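Residue numbers (our numbering): 38 to 147.
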């Protein structure tokens with residue numbers, strides 16, 4: 038009642054819309070399509086990075102303690118993880134993602 042009196046005081050009306058079930062199908066299907074497209078990209082990236090990491094571990098182009106240069110970053114390999122390689126430099130550390138190794142030149146000095 039109170040809301041109705043306020044609306045009458047300001048001379049406004051409540052507009053109601055009734056939607057059919059079929060009116061909701063198009064936005065719902067569009068949203069689901071967009072969601073499946075984005076999740077496909079996400080899963081593809083994870084799968085690709087996992088395969089690249091496995092290939093890197095099987096090929097072992099360098100090991101801990103080697104002096105390497107990757108994409109202009111030079112240092113001694115401190116650690117090799119599933120996601121990145123840690124290079125120790127004179128002034129700190131450099132973290133290089135493993136997936137970036139497949140598109141760069143690696144110079145190894147043992």
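Ideal placement from N, C-alpha and C gives every residue a C-beta, glycine not left out. These numbers come from a predicted model, not from an experiment.
Considering only their Cβ atoms, is the gap separating residue 138 from residue 131 smaller than 8 Å?
No, these two residues do not count as a Cβ contact at 8 Å.
At what residues does the beta strand (DSSP E) containing residue 146 begin and finish?
First-last of the beta strand (DSSP E) with residue 146: 143 to 146.
Under DSSP, the beta strand (DSSP E) around residue 138 begins and ends at which residues?
Run containing residue 138: none; DSSP gives neither H nor E here.
Between the stretch 105 to 115 and the stretch 81 to 91, can you find at least three pairs of beta-carbon atoms closer than 8 Å?
Verdict: no, contact absent.
Just verifying my parser: in three-state terms, what is the DSSP assignment at residue 116?
Here residue 116 sits in strand by DSSP.
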